[in-house]
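The structure appears right after this line, and notes come after that.
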Amino acid sequence: MVFKVSKLLSLAFLSVMMVFLAACGSGNKSSSESASATVSPNASEAVVEQSDAPKVTLKLYGQQNSQELKEVYNMATEAMKKKMPNVEIEFDAQPANDDGTKLKTYAASGQLPDIFVATSADIEVLKKSNNILTLDSYIKDLKVEDQLNDTGKLLVWDKDGHSYSMPNEGPWLATFYINKKVFADAGVAIPTNFDEFLEAVKTFKSKDIIPLALFGSQPWPGQQLFDALVVKSGESRGLLKVNDGEADFSPQAYQMAAAKMFQLVNAGLLSKDAFSTDYNMAESLLQNGKAAMMLSGGFTMSDFAKTMPGNYDIIWLPLEDKAQTGLYKDNASGGGFNQGFSVSANSKYKDIAAQYAVQYALEYSRAKTYLNGAPNGILKDTPQPQNPWDEVQQKYVAEFGEFKTVTSFPWGLTDAKFSIAYGNNTQKMLAKGYKSSDDYIAEMNKAIADIRK
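If you count by mature numbering (1 follows the signal peptide of the UniProt record, and there is no 0), then the sequence shown holds residues -22 to -1, 1 to 431, one letter each, in order.
Quick look at the structure:
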């Protein structure tokens, strides 16, 4: 970027004054941080206004257990050298099978890295111990939200209104995957609402085709189906609203969802082996034409791109009542905050680390899309991958960023007791363990009341 002479002189004068003031009066910041690079609000054109700024080394903790991930980190790091060349990064690799224990150990011992990848669960723990820096001012000053798509913006702010982590990838949303040939051969049109979806289930069942290949050996797909039914019945927050203690299962959306699930199950939605079916088995059923649909997250797409090229598609949960078709099209099930870059509240260079982390997350997203073809980027201007997306992935990229609300996958529910009760009772519903949907609602409300005593 080219500056006019007068502006350049002004910046030089300000730089001298900053160093002078830092030397005289800053007892809480090191001279290195006081002489840090100041970045432009436009992260794509970030400028180091002090080319002679002292070098600062920041420790960054994140998972690099594959060559693909290492390449993403490397590309993001190289991009940041142009924005903040005074910053060197020292990587601390998260163990491949780590469940967050190492990060908790770091926090307990007061040794958190300057920058680290944090999940929703990590953030809740670190907030309570005051170990995590709020990024509000950095995100606003750098005008980060101007660069994000609508879905990406949803991930920036925590439920308390603050930001503790800058997301480095967008949400994976729940969707139905379909076998196009099975639909065509059965003469079934792609459903656009619950009534049509229910009729499709009945038609497939009558032709000895499994309507929905549920990998029920894991509880979460069934729970996600109920969340989707709640969202498409009018409650955009789905099960998160109950998880956060703001509702039980009495509101109309939850009762409607339970009634719809009861109808689907009794219409033959699932196979008799659904609860012993794992992911690979469900994928095979769809691939081989023995099942018409499968419910999963967007993270499954790359598998179908390889195993079912040209014969799979996604449909965005057509589960609204016929009279409400399209009414809740902007409300997605799944997603929620996955992970992002956070900053230690005790970092020696917290201001520099925060500036770096916020911009690094954007470069990470850009690199992951380009190198790996990740279709869930957070950027408004989505970069093209080096290996082109197939037609379905292009569809996902074009549409997923337009959703105005997301919920969560079951593993994002933070109330452990509620999550267990919800999982157990929903599995029972799917296994035809209730005589009516009202029985399911009553059992869930009883469990919620017991939890909140």
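Beta carbons are placed, not taken as given, at the ideal position from N, Cα and C, and that holds for glycine.
Between residue i and residue j, what straight-line distance do the alpha-carbon atoms span, to the nearest angstrom?
{"i": "alanine 164", "j": "proline 149", "result": "33 angstroms"}
{"i": "serine 320", "j": "serine 87", "result": "18 angstroms"}
{"i": "glutamate 123", "j": "isoleucine 117", "result": "7 angstroms"}
{"i": "leucine 104", "j": "isoleucine 110", "result": "6 angstroms"}
{"i": "tyrosine 334", "j": "methionine 239", "result": "46 angstroms"}
{"i": "alanine 15", "j": "serine 107", "result": "With a pLDDT of 38 at alanine 15, under the threshold of 50, the modelled position of this residue cannot be trusted, and the question is left open."}
{"i": "alanine 152", "j": "serine 325", "result": "37 angstroms"}
{"i": "asparagine 365", "j": "alanine 425", "result": "49 angstroms"}
{"i": "arginine 215", "j": "lysine 33", "result": "45 angstroms"}
{"i": "asparagine 75", "j": "proline 199", "result": "23 angstroms"}
{"i": "alanine 99", "j": "threonine 392", "result": "7 angstroms"}
{"i": "asparagine 403", "j": "lysine 300", "result": "28 angstroms"}
{"i": "glycine 401", "j": "phenylalanine 227", "result": "14 angstroms"}
{"i": "leucine 132", "j": "leucine 126", "result": "10 angstroms"}
{"i": "lysine 37", "j": "isoleucine 93", "result": "6 angstroms"}
{"i": "aspartate 417", "j": "asparagine 221", "result": "20 angstroms"}
{"i": "glutamine 201", "j": "threonine 35", "result": "44 angstroms"}
{"i": "asparagine 64", "j": "alanine 71", "result": "22 angstroms"}
{"i": "tyrosine 257", "j": "lysine 431", "result": "37 angstroms"}
{"i": "leucine 47", "j": "glycine 313", "result": "21 angstroms"}
{"i": "tyrosine 155", "j": "tyrosine 142", "result": "34 angstroms"}
{"i": "valine 160", "j": "leucine 408", "result": "24 angstroms"}
{"i": "alanine 332", "j": "valine 166", "result": "53 angstroms"}
{"i": "alanine 235", "j": "isoleucine 419", "result": "10 angstroms"}
{"i": "tyrosine 374", "j": "alanine 31", "result": "43 angstroms"}
{"i": "asparagine 157", "j": "leucine 248", "result": "16 angstroms"}
{"i": "glycine 379", "j": "methionine 62", "result": "29 angstroms"}
{"i": "isoleucine 398", "j": "proline 189", "result": "27 angstroms"}
{"i": "leucine 81", "j": "proline 73", "result": "10 angstroms"}
{"i": "glycine 78", "j": "lysine 59", "result": "29 angstroms"}
{"i": "serine 414", "j": "valine 243", "result": "11 angstroms"}
{"i": "phenylalanine 396", "j": "serine 280", "result": "32 angstroms"}
{"i": "glutamine 233", "j": "leucine 120", "result": "44 angstroms"}
{"i": "asparagine 171", "j": "tyrosine 338", "result": "41 angstroms"}
{"i": "proline 388", "j": "leucine 203", "result": "11 angstroms"}
{"i": "glycine 139", "j": "glutamate 341", "result": "24 angstroms"}
{"i": "leucine 192", "j": "glutamate 66", "result": "47 angstroms"}
{"i": "alanine 96", "j": "glycine 318", "result": "6 angstroms"}
{"i": "glutamate 174", "j": "valine 208", "result": "17 angstroms"}
Buried or exposed for residue i, going by 16 or more other Cβ atoms inside 10 Å?
{"i": "glycine 5", "result": "With a pLDDT of 38 at glycine 5, under the threshold of 50, the predicted position of this residue should be treated as unreliable, though the coordinate-derived value follows. When all chains shown are included, glycine 5 counts as exposed."}
{"i": "tryptophan 367", "result": "buried"}
{"i": "methionine 272", "result": "buried"}
{"i": "lysine 250", "result": "exposed"}
{"i": "glycine 267", "result": "exposed"}
{"i": "threonine 83", "result": "exposed"}
{"i": "serine 274", "result": "buried"}
{"i": "proline 296", "result": "buried"}
{"i": "methionine 422", "result": "buried"}
{"i": "leucine 305", "result": "exposed"}
{"i": "asparagine 309", "result": "buried"}
{"i": "glutamate 147", "result": "buried"}
{"i": "glutamine 89", "result": "exposed"}
{"i": "glutamate 224", "result": "exposed"}
{"i": "glutamine 371", "result": "buried"}
{"i": "leucine -2", "result": "Reliability fails at leucine -2, whose pLDDT of 35 lies under 50, so the model's placement of it is uncertain and the value that follows must be treated cautiously. Answer is exposed; the Cβ neighbour count stays below 16."}
{"i": "alanine 376", "result": "exposed"}
Between which two residues does the alpha helix (DSSP H) holding residue i run?
{"i": "valine 134", "result": "Element bounds for valine 134: n/a, residue is neither H nor E."}
{"i": "alanine 209", "result": "Note on identity: in this sequence residue 209 is valine, with alanine being the wrong assignment. Taken as a continuous stretch (DSSP letters only), the alpha helix (DSSP H) holding valine 209 covers 198 to 209."}
{"i": "glutamate 177", "result": "172 to 184"}
{"i": "glutamate 68", "result": "Not the alpha helix (DSSP H): glutamate 68 falls in the beta strand (DSSP E), residues 65 to 72."}
{"i": "tyrosine 374", "result": "369 to 378"}
{"i": "residue 433", "result": "Since the first residue of the chain shown is -22 and the last is 431, residue 433 is not available in this structure."}
{"i": "isoleucine 156", "result": "Per DSSP, isoleucine 156 belongs to no alpha helix (DSSP H); it is in the beta strand (DSSP E), 152 to 157."}
Name the two residues that bound the continuous beta strand (DSSP E) containing residue i.
{"i": "leucine 217", "result": "Premise fails: leucine 217 is in no beta strand (DSSP E) and is neither H nor E."}
{"i": "tyrosine 400", "result": "Run containing tyrosine 400: none in the beta strand (DSSP E); it sits in the alpha helix (DSSP H), 394 to 408."}
{"i": "phenylalanine 253", "result": "Run containing phenylalanine 253: none; DSSP gives neither H nor E here."}
{"i": "leucine 47", "result": "Unbroken run through leucine 47 is the alpha helix (DSSP H), 45 to 61; no beta strand (DSSP E)."}
{"i": "isoleucine 188", "result": "188 to 190"}
{"i": "tyrosine 418", "result": "Tyrosine 418 -> not in any beta strand (DSSP E); alpha helix (DSSP H) instead, spanning 415 to 429."}
{"i": "valine 384", "result": "From DSSP, valine 384 is part of no beta strand (DSSP E); its letter is neither H nor E."}
{"i": "glutamine 41", "result": "34 to 41"}
Is there at least one non-hydrogen atom of the ligand PLP closer than 7 angstroms to the beta-carbon of residue i?
{"i": "methionine 259", "result": "The model depicted lacks the ligand PLP and carries no ligand whatsoever."}
- Task: Just list the alpha helix (DSSP H) runs in the segment 266 to 328, keeping only unbroken ones of 4 residues or longer that don't cross its boundaries, in chain order.
- Result: 279 to 285
- Item | 3-residue-minimum beta strand (DSSP E) runs that sit fully inside the segment 80 to 128, ordered along the chain | 93 to 96
- Item | Cβ pair count under 8 angstroms reaching 3, the segment 178 to 197 against the segment 354 to 374 | no
- Curious, which full-length beta strand (DSSP E) runs of at least 3 residues does the segment 334 to 358 contain? none
- Quick check: the segment 51 to 63 against the segment 335 to 346, are there 3 or more CB pairs under 8 angstroms? yes
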